[in-house]
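Structure, as structure tokens:
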């Protein structure tokens, strides 16, 4: 037996051609309009194999939706290395092969997404955007899993489930509620920098092609001598960056809630291939007490004037998926998927993500998700892992003794690989504690960001915050005003003045980002057209 499609295509009966409909067993389907019945009015018979196969497969067409990043679009392309990092050879910092040779191309698959909202939600909603890249390198897969914004709401992974619960719809009403969102953020002051970005126009990118990407967390590069540096990854779009105001987003949503997916697909179809440059920031691998922030804190930016962005390559997307479910829905990313020369930092959010991402893929797609073509590396795979639902025989070496599914062995089993370079062996000392980091400095960079915004961006930020905070409990409003004032005096004053005459206390289950959302149920009744029963 074989799984080679060319073999299957050549096995046809004399009554078939390449367009003949079959069932999943390969049997030609001669009548796809009518089930078998006793007489033309029924009843149906139980031996309707074609119908039973068809309807039972339909009942199982969907897998669990991603708990976050459910709404997404994707594309294939390639990454091309410059062979340098800035003006220096990249080998000075990392032995990862995909970066080392100028002009070297590595296939990639990219998935863009919104974060909080469901699988068919409008692509105009205020939300960070996911930016996940799977590199199919000669050393195996590397997943760079990030967002369009360069920071995050929290710095410790233990808070992630609570954050998502607060941002998702109310468990009673099933309505996303601004009061729940801001209750969490007001109680988690480290989130204020991210709130400042999300409620500005940067919270609604115009589309996927014209937005930045970032690895968000701090990683490490390791060279052939086993020396490491801290590194941050940034994707900069060659198409430029464009964002939307709330009013502009609402206008687009009224006519097309798939606009970003459509934009990406149509651009690639007309050969207008989107391109991003990959840049990195590099920092020596130590604690850096001279900085007023911790470089492992993912709620902070590394200032570009202190840590310049250094180009290392470019990515071009040039091929659309053939099937959305097979590729975009089943693609599975994980922050723990690194190749030799790339490593983890002690970033607490990164370390929590590394377990969670792969764990959720096994739940969502299945134990053998890495055997799916979109997830499988484009290199030899040989492992003693076997079994599990929907396994098929792919993870074996041609010379592997099939009787030996363990290691070590003297009887022809798989053997360990040789270390490619000197192993990175950091010294780690300290007491086991449950403490936050020392240099939390929660609001300073939010103030820097506010002052860096253009006038119209600051106006939009205040307007959007007032619109959503105006229905929140007064304690939440006061806490958010205090954070804004701590970040920047003008920021706090404008937010306080904007909220001065707003309604006091109590939630109306108002969706985020649309200040007229509360009026929608009544408006639908008032403007609707009556009809007679039939």
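In our numbering, the protein residues as written are -14 to 519. The C-beta atom is built at its ideal place from N, Cα and C for all residues, glycine as well.
Whose CA, out of the options, lies closest to the CA of residue i?
i, options, result
"residue 154", "103, 185 and 117", "103"
"residue 167", "373, 268 and 464", "464"
"residue 148", "175, 417, 398 and 438", "175"
"residue 483", "296, 445 and 53", "445"
"residue 520", "150, 42 and 73", "Given that the chain is displayed from residue -14 to residue 519, the structure contains no residue 520 and the question cannot be resolved."
"residue 10", "23, 27, 36 and 376", "36"
"residue 88", "79, 63 and 108", "63"
"residue 309", "382, 57, 4 and 206", "57"
"residue 138", "511, 373 and 182", "182"
"residue 259", "234, 276, 275 and 302", "302"
"residue 424", "279, 474 and 343", "279"
"residue 427", "207, 86, 257 and 277", "277"
"residue 411", "334, 207, 304 and 435", "207"
"residue 52", "288, 2 and 152", "152"
"residue 459", "120, 389, 75 and 485", "485"
"residue 247", "418, 407 and 107", "107"
In the DSSP assignment, find the beta strand (DSSP E) that holds residue i and state where it starts and stops.
i, result
"residue 43", "Unbroken run through residue 43 is the alpha helix (DSSP H), 34 to 43; no beta strand (DSSP E)."
"residue 131", "125 to 132"
"residue 261", "260 to 269"
"residue 248", "Element bounds for residue 248: not the beta strand (DSSP E) but the alpha helix (DSSP H), 244 to 254."
"residue 279", "Where residue 279 is concerned, there is no enclosing beta strand (DSSP E), given that its DSSP letter is neither H nor E."
"residue 328", "327 to 329"
"residue 150", "Here residue 150 belongs to no beta strand (DSSP E); instead the alpha helix (DSSP H) covers 145 to 152."
Does the separation of the CB atoms of residue i and residue j fall below 9 Å?
i, j, result
"residue 29", "residue 40", "no"
"residue 284", "residue 140", "yes"
"residue 190", "residue 241", "no"
"residue 95", "residue 117", "yes"
"residue 71", "residue 131", "no"
"residue 306", "residue 61", "yes"
"residue 193", "residue 114", "yes"
"residue 109", "residue 234", "yes"
"residue 163", "residue 468", "no"
"residue 50", "residue 91", "no"
Pull up the distance between the alpha-carbon of residue i and that of residue j, whole angstroms please.
i, j, result
"residue 270", "residue 403", "26 Å"
"residue 69", "residue 213", "17 Å"
"residue 18", "residue 368", "46 Å"
"residue 286", "residue 470", "20 Å"
"residue 101", "residue 386", "47 Å"
"residue 462", "residue 171", "8 Å"
"residue 165", "residue 244", "28 Å"
"residue 105", "residue 413", "45 Å"
"residue 220", "residue 330", "20 Å"
"residue 514", "residue 508", "12 Å"
"residue 129", "residue 339", "12 Å"
"residue 443", "residue 43", "49 Å"
"residue 416", "residue 142", "19 Å"
"residue 261", "residue 299", "6 Å"
"residue 487", "residue 456", "8 Å"
"residue 315", "residue 350", "7 Å"
"residue 0", "residue 25", "27 Å"
"residue 134", "residue 375", "37 Å"
"residue 371", "residue 358", "17 Å"
"residue 126", "residue 437", "38 Å"
"residue 34", "residue 22", "13 Å"
"residue 373", "residue 362", "19 Å"
"residue 4", "residue 383", "35 Å"
"residue 393", "residue 401", "9 Å"
"residue 431", "residue 345", "32 Å"
"residue 211", "residue 67", "22 Å"
"residue 160", "residue 150", "12 Å"
"residue 124", "residue 325", "7 Å"
Since I believe residue j is in contact with residue i (beta carbons under 8 Å), could you give me their beta-carbon distance rounded to a whole number of angstroms?
i, j, result
"residue 145", "residue 321", "Contact flag wrong, Cβ pair sits at about 16 Å."
"residue 196", "residue 226", "7 Å"
"residue 203", "residue 332", "5 Å"
"residue 397", "residue 391", "Contact doesn't hold; Cβ gap of about 12 Å is too wide."
"residue 38", "residue 8", "5 Å"
"residue 354", "residue 365", "With 8 Å as the limit, residue 354 and residue 365 do not qualify as a contact, their Cβ atoms being about 19 Å apart."
"residue 297", "residue 323", "The Cβ separation is near 16 Å, so there is no contact."
"residue 136", "residue 216", "Wrong, their Cβ atoms sit about 16 Å apart, outside the cutoff."
"residue 111", "residue 188", "5 Å"
Between which two residues does the alpha helix (DSSP H) holding residue i run?
i, result
"residue 178", "177 to 183"
"residue 295", "No alpha helix (DSSP H) contains residue 295, which is instead part of the beta strand (DSSP E) from 295 to 304."
"residue 348", "333 to 349"
"residue 429", "429 to 437"
"residue 65", "It is not in any alpha helix (DSSP H) - residue 65 instead sits in the beta strand (DSSP E) that spans 57 to 66."
"residue 476", "474 to 484"
"residue 163", "163 to 171"
"residue 451", "440 to 454"
"residue 234", "231 to 238"
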